[in-house]
Amino acid sequence: MMLSKRVLHTSFGLAKSQIVKSNGPALLIGLRSFATTPRSAKTGDPNVEDDNILPTPWETIFDRASQIFFISEIARAMTMALEIGLKPKVTINYPFEHGYLSPRFRGEHALRRYPTGDERCISCKLCEAICPAQAITIEAETREDGARRTTRYDIDMTKCIYCGFCQEACPVDAIVEGPNFEFATETHEELLYDKEKLLSNGDKWEKQIAKNLMNEFLYR
Numbered sequence: 002m003m004l005s006k007r008v009l010h011t012s013f014g015l016a017k018s019q020i021v022k023s024n025g026p027a028l029l030i031g032l033r034s035f036a037t038t039p040r041s042a043k044t045g046d047p048n049v050e051d052d053n054i055l056p057t058p059w060e061t062i063f064d065r066a067s068q069i070f071f072i073s074e075i076a077r078a079m080t081m082a083l084e085i086g087l088k089p090k091v092t093i094n095y096p097f098e099h100g101y102l103s104p105r106f107r108g109e110h111a112l113r114r115y116p117t118g119d120e121r122c123i124s125c126k127l128c129e130a131i132c133p134a135q136a137i138t139i140e141a142e143t144r145e146d147g148a149r150r151t152t153r154y155d156i157d158m159t160k161c162i163y164c165g166f167c168q169e170a171c172p173v174d175a176i177v178e179g180p181n182f183e184f185a186t187e188t189h190e191e192l193l194y195d196k197e198k199l200l201s202n203g204d205k206w207e208k209q210i211a212k213n214l215m216n217e218f219l220y221r
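See below:
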């Protein structure tokens with residue numbers, strides 16, 4: 002009934018008061034709901050009431066109805082998803098595939114050895130001194146040949162901020178941050194690295210570490 006009255010009002014220019022007489026206040030409210038902003042047909046002022054309310058264009062009404070009943074926003078979103086789905090993928094199947102890592106990537110720490118098998122660390126403690134998180138603890142003793150030997154080299158990985166200062170301060174490239182980033186653990190204690198753990202990391206990743214250091218030789 003309200004829609005038919007709307008047609009009469011739009012098509013024949015009937016005054017609102019003439020239509021409302023037959024249906025009362027309910028029809029008046031219905032007519033007002035079609036307008037985006039009820040306003041005077043004479044002055045355009047929304048605060049002025051008169052018998053002729055400007056109707057909302059049918060184009061606007063159909064557009065709103067299509068958005069509500071045909072869910073045009075969802076259709077546009079599904080179309081976009083379909084277009085992207087047909088394009089070449091930009092993701093990788095991790096952990097079965099790995100992306101490129103920069104030679105400067107700072108991952109899990111490691112202690113390196115010389116090709117002869119001797120430890121590189123000379124216990125200068127520069128890495129311990131420069132560490133801003135105070136995550137490194139070193140103890141040393143003098144060997145029989147007079148050289149210094151590291152007896153304790155601990156890193157609290159829960160404190161480390163991976164700034165790379167220890168690696169830059171080391172004069173013999175003993176302590177490095179390797180390419181490994183998959184070293185999550187279930188307990189806090191497993192992240193308290195000792196000398197044996199660091200040396201095993203160095204033995205495991207030595208080939209990749211040496212390659213990265215060679216690539217960055219000109220910039221160090």
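Residues 2 to 221 in our numbering are what the sequence shown lists, from first letter to last.
Cβ atoms here follow ideal geometry from the backbone N, Cα and C, with glycine treated the same way.
Given the structure is predicted, the values throughout are model-derived calculations rather than measurements.
Self-check item: Close-in-space but distant-in-sequence residues of the same chain around glutamine 168 (CB under 7 Å, 5 per side omitted)
Solution: Against the sequence shown, residue 168 aligns to sequence position 167. Excluding sequence neighbours, glutamine 168 sits near Ile176, Val177 and Glu178.
Quiz item: leucine 193 bridges to which residues according to DSSP?
Solution: Stepping through the sequence shown from its first residue, residue 193 is reached at position 192. Answer is Asp157.
Quiz item: How far does the beta strand (DSSP E) with isoleucine 139 in it reach, from first residue to last?
Solution: Indexing the sequence shown from 1 puts residue 139 at position 138. Looking at the DSSP string, the run of the beta strand (DSSP E) that includes isoleucine 139 is 137-143.
Quiz prompt | Start and end residues, alpha helix (DSSP H) containing glutamate 183 | solution = Residue mapping note: residue 183 aligns to position 182 of the sequence shown, counting from 1. Premise fails: glutamate 183 is in no alpha helix (DSSP H) and is neither H nor E.
Quiz item: Roughly how many angstroms separate the alpha carbons of threonine 80 and serine 67, rounded to a whole number?
Solution: Looking up residue 80 in the sequence shown gives position 79. Looking up residue 67 in the sequence shown gives position 66. Approximately 17 Å between the Cα atoms of the pair.
Quiz prompt | C-alpha distance - glutamate 190 paired with alanine 82, whole-angstrom precision | solution = Taking the sequence shown and counting its residues from 1, one reaches residue 190 at position 189. Taking the sequence shown and counting its residues from 1, one reaches residue 82 at position 81. One C-alpha to the other measures close to 45 Å.
Quiz item: When you compare only the Cα positions, how much space is there between glutamate 187 and leucine 214?
Solution: Within the sequence shown, the letter at position 186 stands for residue 187. Within the sequence shown, the letter at position 213 stands for residue 214. If you take the alpha carbons of glutamate 187 and leucine 214, they lie about 31 Å apart.
Quiz item: How long is the line joining the alpha carbons of glutamate 207 and isoleucine 139, rounded to whole angstroms?
Solution: On the sequence shown, position 206 is the one that residue 207 refers to. On the sequence shown, position 138 is the one that residue 139 refers to. The alpha-carbon atoms of glutamate 207 and isoleucine 139 are separated by roughly 22 Å.
Practice problem: With DSSP as the reference, please indicate the residues paired to valine 177 in a beta bridge. | Solution: Taking the sequence shown and counting its residues from 1, the one referred to as residue 177 is at position 176. According to DSSP, which records beta bridges pairwise, valine 177 is partnered with Ala111.
Self-check item: Per-residue burial, glutamine 19 [other beta carbons within 10 Å of its own, 16 or more giving buried]
Solution: Counted from its first residue, the sequence shown places residue 19 at position 18. Here glutamine 19 scores only 47 on pLDDT, less than 50, and its place in the model is too uncertain to base an answer on.
Quiz item: Exposed or buried, what is tyrosine 101 when buried is set at 16 or more other beta-carbons lying within 10 Å of its beta-carbon?
Solution: Looking up residue 101 in the sequence shown gives position 100. Answer is exposed; the Cβ neighbour count stays below 16.
Self-check item: Which of helix, strand or coil DSSP assigns to arginine 77
Solution: The count along the sequence shown starts at 1 and reaches residue 77 at position 76. Note: arginine 77 maps to helix in three-state DSSP.
Quiz item: In three-state DSSP terms, what is glutamate 217?
Solution: Translated into positions along the sequence shown, residue 217 becomes position 216. Coil, per DSSP.
Quiz item: Three-state secondary structure (DSSP) at serine 201?
Solution: Within the sequence shown, the letter at position 200 stands for residue 201. Reduced to three states, the DSSP call for serine 201 is helix.
Exercise. Identify which residue in Lys212, Phe182 and Phe166 has its Cα closest to the Cα of proline 96.
Key: Your numbering for residue 96 matches position 95 in the sequence shown. Proline 96 has its Cα closest to that of Phe182, out of Lys212, Phe182 and Phe166.
Practice problem: Look at the Cβ atom of lysine 228, then the Cβ atom of threonine 159, and state whether they are nearer than 8 Å. | Solution: Residue 228 is absent from the structure shown; the chain starts at 2 and stops at 221.
Exercise. Give the straight-line distance between the Cα atoms of isoleucine 62 and asparagine 94, rounded to the nearest whole angstrom.
Key: As a first step, residue 62 must be located in the sequence shown, where it is residue number 61. As a first step, residue 94 must be located in the sequence shown, where it is residue number 93. If you take the alpha carbons of isoleucine 62 and asparagine 94, they lie about 48 Å apart.
Exercise. Tell me where the alpha helix (DSSP H) around alanine 130 begins and ends.
Key: Here residue 130 refers to the residue found at position 129 when the sequence shown is read from its first residue. Segment 127-131, the alpha helix (DSSP H) holding alanine 130.
Exercise. Report, in whole angstroms, the separation of the C-beta atoms of histidine 110 and isoleucine 156, which I expect to be a contact under 8 Å.
Key: Locating residue 110 in the sequence shown gives position 109, where the first residue counts as 1. Locating residue 156 in the sequence shown gives position 155, where the first residue counts as 1. Rounded, the Cβ-Cβ distance is 6 Å, consistent with contact.
Exercise. Could you check which residue in Ile210, Phe184 and Glu84 has the C-alpha nearest to that of lysine 198?
Key: The residue you call residue 198 lines up with position 197 of the sequence shown. The option with the nearest alpha carbon to lysine 198 is Phe184.
Practice problem: Figure out for me which residue from Lys212, Asp146, Asp204 and Glu60 has the closest Cα to the Cα of glutamate 114. | Solution: Walking along the sequence shown from the start, residue 114 turns up at place 113. Correcting the residue type first, residue 114 is arginine in the shown sequence and not glutamate. It is Asp204 whose Cα lies nearest to the Cα of arginine 114.
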